[in-house]
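Presented below is the structure to which this report refers.
In UniProt numbering, the protein residues as written are 1 to 85.
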């Protein structure tokens, strides 16, 4: 993790639990610490974690790692959408 920039937690992803777990693993493989928010409540009663239950599980990372993390998340979205074609 980079330590030369301000380290605040920022949301990098919001989605279903299975997608959040995959993205978290991808981030951790890139040596980016990632934290899940609302994992339990997002499974039990997702509409309480997020309006309509969409994007109920969130992933937070350090703001110092945001650019690299965003590339990883974008690549994940690109891959899952190309698989559906």
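Note that CB positions come from ideal geometry on N, CA and C, so glycine has one too.
- Give me the Cα-Cα distance between residue 82 and residue 59, rounded to the nearest whole angstrom. Residue 82 and residue 59: Cα-Cα distance of roughly 23 Å.
- Task: Would you mind sorting residue 30 into buried or exposed? The rule is 16 or more other CB atoms within 10 Å of its CB.
- Result: A residue is called buried when at least 16 other Cβ atoms come within 10 angstroms of its Cβ; residue 30 does not meet this threshold and is exposed.
- Message: Quick check on residue 16: does DSSP put it in helix, strand or coil?
- Response: Note: residue 16 maps to coil in three-state DSSP.
- Item | Residue from 8, 7, 13, 9 whose Cα sits closest to the Cα of residue 71 | Distance check between residue 71 and each of 8, 7, 13, 9 places 13 closest, using alpha-carbon atoms only.
- Item | Start and end residues, beta strand (DSSP E) containing residue 59 | It spans 57–62 - the beta strand (DSSP E) in which residue 59 sits, taken as one unbroken run.
- For residue 17 versus residue 39, is the C-beta spacing smaller than 8 Å? Result yes, Cβ atoms of residue 17 and residue 39 sit closer than 8 Å.
- Query: Using CA coordinates, which residue listed in 37, 57, 20 is at the minimum distance from residue 76?
  - Reply: With distances taken between CA atoms, residue 76 lies nearest to 20 out of 37, 57, 20.
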